[in-house]
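J.: For reference, the structure I am asking about is given below.
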Amino acid sequence: MQIVKVNNYEEMSEKAADLVTGLINQSKKSVLGLATGSTPEKLYDILVERNIRKEISFQQVKTFNLDEYVGLGENDLNSYRYYMNEKLFHKVDIEMENTYIPNGLATSLDKECERYEQEIQKAGTIDLQLLGLGLNGHIGFNEPGSSFNSRTHVTQLDQSTIEANARFFKTPEDVPTKVITMGIGTIMKAKQILLLVQGEKKAEILKKAIEGEVTEHIPASILQRHSNVTLITDISI
Ligand code: F6R
604 MQIVKVNNYE
614 EMSEKAADLV
624 TGLINQSKKS
634 VLGLATGSTP
644 EKLYDILVER
654 NIRKEISFQQ
664 VKTFNLDEYV
674 GLGENDLNSY
684 RYYMNEKLFH
694 KVDIEMENTY
704 IPNGLATSLD
714 KECERYEQEI
724 QKAGTIDLQL
734 LGLGLNGHIG
744 FNEPGSSFNS
754 RTHVTQLDQS
764 TIEANARFFK
774 TPEDVPTKVI
784 TMGIGTIMKA
794 KQILLLVQGE
804 KKAEILKKAI
814 EGEVTEHIPA
824 SILQRHSNVT
834 LITDISI
C-alpha cells in the first residue's frame, strides 16, 4: 500500500484529483469506480474546475458508483444518483449513459444487482476505484461481517452507519435501512484503488484496517491484499 500523508482535506483532495487527472489523460476511456459521502466532495469540485479549464475530459469515461439507497430515486435529494448528478455529472462533459449507479427503485432488487455486476463486466475492468472509509471499517456499504467474496448485493445498513449518515437526512428514521452495494469481491477486482481517509475520528479504524489482522469484521482490512492501493490521508500512521 502506498501511503501519501497530507496536511489537510484540501491537500488530500488535490492529490486525489491529480491521480484521477493523470489516469484519464493517459487513457481517455478510463473506467472509474466512484464513491459518495463527505470525503470526495472537494475532489469532485476540483475535477469540475479542471474540466471547465479543459485540463481533463470525461467524454469517453465510464463511471460505476459503489452504492445506492433502496427506495430513493434520482429526484430524491438524498439518493446517491442525485448527489453524483449535482456534484459531478451535470457539471462535466460526461455522457450520462456512461454513468452507472444501482437503481434503488428497481422492482426486482436481485435482478438489479445482477444487471449491475454484468455492466461492470461488460466495461472490462474498473481502472481506478475510489473509496471512503466508514467509521466501522466499511467500504462501499459492505458492513462488518460481509463476505470478502461478495458481488453486488442488497444489504442492511448497520445501526452505526444509519446514525453516521443521519446528518444528511431530516431525522435518523428517514435514513433508508437497505442499500445496494458493490461487493468486496467486485471492489477487489479494480486495477487500482484510491482510499481517501480524513479526520482524527477515523484514526483508530484506519490503523486497524491497514495494520491489523485481515478480517471480515473490518471490511477495509482486505485492502492489505490488493496489489495497487494508494491511501491519501491526513492521519499520521
Ligand atoms: C459512499 C460509501 C461509503 C462512504 C463511507 C465514508 O458511497 O460507499 O463507504 O465512503 O461511509 O463516508 P464519509 O465520506 O461521509 O465519511
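In terms of my numbering, the sequence shown opens at residue 604 and continues consecutively.
Every residue gets a Cβ at the ideal spot worked out from N, C-alpha and C, and that includes glycine.
Do you know offhand how far residue 744's Cα is from residue 813's?
T.: Rounded to whole angstroms, residue 744 to residue 813 spans 18 Å at the Cα level.
J.: Are there any heavy atoms of the ligand F6R lying less than 8 Å away from the beta-carbon of residue 744, as far as the coordinates show?
T.: Answer for residue 744: yes, Cβ within range of the ligand F6R.
J.: First and last residue of the beta strand (DSSP E) that includes residue 623?
T.: It is not in any beta strand (DSSP E) - residue 623 instead sits in the alpha helix (DSSP H) that spans 612-629.
J.: Measure from the alpha carbon of residue 716 to the alpha carbon of each residue in 612, 756, 791 and 663, then state which is nearest.
T.: Out of 612, 756, 791 and 663, 756 has the C-alpha closest to the C-alpha of residue 716.
J.: Using beta-carbon positions only, say whether residue 638 and residue 734 come within less than 9 Å of one another.
T.: Cβ distance < 9 Å, so residue 638 and residue 734 count as in contact.
J.: Taking a contact to mean a Cβ-Cβ separation below 9 Å, would you say residue 797 touches residue 622 in this structure?
T.: Going by C-beta atoms, residue 797 is nearer than 9 Å to residue 622.
J.: In this structure, does DSSP put residue 794 in helix, strand or coil?
T.: Looking at residue 794 - three-state DSSP - the assignment turns out to be coil, as it is neither helix nor strand.
J.: Does at least one heavy atom of the ligand F6R sit under 8 Å from the Cβ of residue 683?
T.: The answer is yes for residue 683.
J.: Please name the residue or residues paired with residue 671 in a DSSP beta bridge.
T.: Looking at the DSSP assignment, residue 671 forms a beta bridge with 783.
J.: Find the nearest neighbour of residue 778 within the set 674, 720, 737 and 823, judged by alpha-carbon distance.
T.: Closest option to residue 778, Cα to Cα, is 674.
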